[in-house]
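>
Residue numbers (the working numbering): 3 to 226.
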């Protein structure tokens, strides 16, 4: 399941009904090698500036493009934490978080992304993940709570406030680059992820997999 762009209400309601029917009629979602009209091979290489949970040298990289206001993303966020707690502990899998705010349907999506990126800019990777976890746990989030959540992540309130006030010049370029890369690779909604393995075609996951389904796919990717 995923969040996508705005379309008429009648179509949305009809789509929800169809989506629910499909969800319960298919035993297991199928990964793809393409989605939308983009090319998964255009995924930006994982680098030191990325938000990474797990070993940066893991043989399997899950690059997720996500929206903090997307309820399906919230569920998948928890699934990916489970994957990292198990597979990541063995150094086999790493998770890369990239921003894909669906501003067309989520009014605060860009603000949430700016707040998260400011936390990362001010206090680093660990603080980013703590802040991301709190954002998802308290969804939907009123922007007035950013300072409270930043403090929970151990971030200086003054430094965060300065960055957030100047987000247009400090972090928006990164968010825009993440969003464009998602679109370039074929994303049409969230959560949207790519499983990267050296020398192989990226595997597209354009919905929120369950833990069991994602674990099975990772095991197959690792040849287990």
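Just so it is clear, CB atoms sit at the ideal spot from N, CA and C, and this is done for glycine as well.
1) When you compare the stretch 116 to 128 with the stretch 202 to 222, are there three or more beta-carbon pairs, one atom per stretch, that lie closer than 8 Å?
2) Starting from residue 78, trace the alpha helix (DSSP H) in both directions and tell me its first and last residue.
3) Is there contact between the stretch 47 to 60 and the stretch 125 to 137, where contact requires at least three CB pairs shorter than 8 Å?
4) Contact between the stretch 209 to 226 and the stretch 180 to 199 is defined here as three or more beta-carbon pairs at a separation below 8 Å; is this criterion met?
5) Would you report the Cα separation of residue 181 and residue 92, rounded to the nearest angstrom?
6) How would you call residue 195, buried or exposed, if buried means at least 16 neighbouring beta carbons within 10 angstroms?
7) Note the first and the last residue of the continuous beta strand (DSSP E) segment covering residue 114.
8) What does a CB cutoff of less than 8 Å around residue 153 pick up in its chain, not counting 5 residues either side in sequence?
9) Any idea which residues DSSP pairs residue 104 with across the strands?
10) Looking at the structure shown, is residue 39 part of a helix, part of a strand, or coil, going by DSSP?
11) Report back the beta-carbon spacing between residue 40 and residue 185 to the nearest angstrom; my notes put them in contact at under 8 Å.
12) Which runs of the beta strand (DSSP E) spanning at least 3 residues fall entirely within the stretch 188 to 225, listed in chain order?
13) Is it the case that the stretch 134 to 146 contacts the stretch 109 to 117, given that we only count it when at least three CB pairs across the two stretches are under 8 Å?
14) Where do the ends of the beta strand (DSSP E) carrying residue 185 lie?
15) For residue 68, does the three-state DSSP call read helix, strand or coil?
16) Any idea if residue 212 is buried or exposed, counting beta-carbon neighbours within 10 angstroms, 16 or more meaning buried?
17) Kindly list the residues whose CB is nearer than 6 Å to the CB of residue 101, restricted to its own chain and excluding five residues on each side of it in sequence; keep chain order.
18) By the three-class DSSP mapping on this structure, what secondary structure does residue 155 have?
19) Inspect the beta-carbon positions of residue 133 and residue 162 and report whether they are closer than 7 Å.
20) By how many angstroms is the C-alpha of residue 136 removed from the C-alpha of residue 147?
This is what the structure holds:
1) Touching, no.
2) Taking the first residue of the chain shown as 1, we reach residue 78 at position 76. First-last of the alpha helix (DSSP H) with residue 78: 73 to 88.
3) Taking a contact to require three or more Cβ pairs closer than 8 Å, the stretch 47 to 60 and the stretch 125 to 137 qualify as touching.
4) Yes, since at least three Cβ pairs between the stretch 209 to 226 and the stretch 180 to 199 fall closer than 8 Å, the two stretches touch.
5) On the chain shown, residue 181 is found 179 positions in, with the first residue counted as 1. On the chain shown, residue 92 is found 90 positions in, with the first residue counted as 1. If you take the alpha carbons of residue 181 and residue 92, they lie about 30 Å apart.
6) Your numbering for residue 195 matches position 193 in the chain shown. Buried.
7) Taking the chain shown and counting its residues from 1, one reaches residue 114 at position 112. First-last for residue 114: 111 to 125, but that is the alpha helix (DSSP H), not the beta strand (DSSP E).
8) Here residue 153 refers to the residue found at position 151 when the chain shown is read from its first residue. The residues are 159.
9) Taking the chain shown and counting its residues from 1, the one referred to as residue 104 is at position 102. Under the DSSP definition of a beta bridge, residue 104 lacks any partner.
10) Your numbering for residue 39 matches position 37 in the chain shown. Coil at residue 39, not helix or strand.
11) For the purposes of this step, residue 40 is taken as residue 38 along the chain shown, with counting starting at 1. For the purposes of this step, residue 185 is taken as residue 183 along the chain shown, with counting starting at 1. Rounded, the Cβ-Cβ distance is 6 Å, consistent with contact.
12) Unbroken beta strand (DSSP E) runs of no fewer than 3 residues, entirely contained in the stretch 188 to 225, are found at 194 to 199 and 205 to 207, following chain order.
13) A contact is defined here as three or more CB-CB pairs under 8 Å, and the stretch 109 to 117 meets this definition with respect to the stretch 134 to 146.
14) Within the chain shown, numbered from 1, the residue matching residue 185 stands at position 183. No beta strand (DSSP E) contains residue 185, which is instead part of the alpha helix (DSSP H) from 174 to 186.
15) Position 66 of the chain shown, counted from the first residue, corresponds to residue 68. Residue 68 sits in a strand when the DSSP states are folded into three classes.
16) Counting from 1 along the chain shown, the entry for residue 212 is found at position 210. Counting every other CB atom within 10 Å of its CB across the protein chains shown gives residue 212 a total below 16, marking it as exposed.
17) Locating residue 101 in the chain shown gives position 99, where the first residue counts as 1. Only 115, 177 and 180 meet the Cβ criterion.
18) For the purposes of this step, residue 155 is identified with residue 153 of the chain shown, where counting begins at 1. In this structure, residue 155 counts as coil in the three-state DSSP scheme.
19) As a first step, residue 133 must be located in the chain shown, where it is residue number 131. As a first step, residue 162 must be located in the chain shown, where it is residue number 160. Not in contact: residue 133 and residue 162 (Cβ atoms no closer than 7 Å).
20) Position 145 of the chain shown, counted from the first residue, corresponds to residue 147. Position 134 of the chain shown, counted from the first residue, corresponds to residue 136. Roughly 11 Å separates the two Cα atoms.
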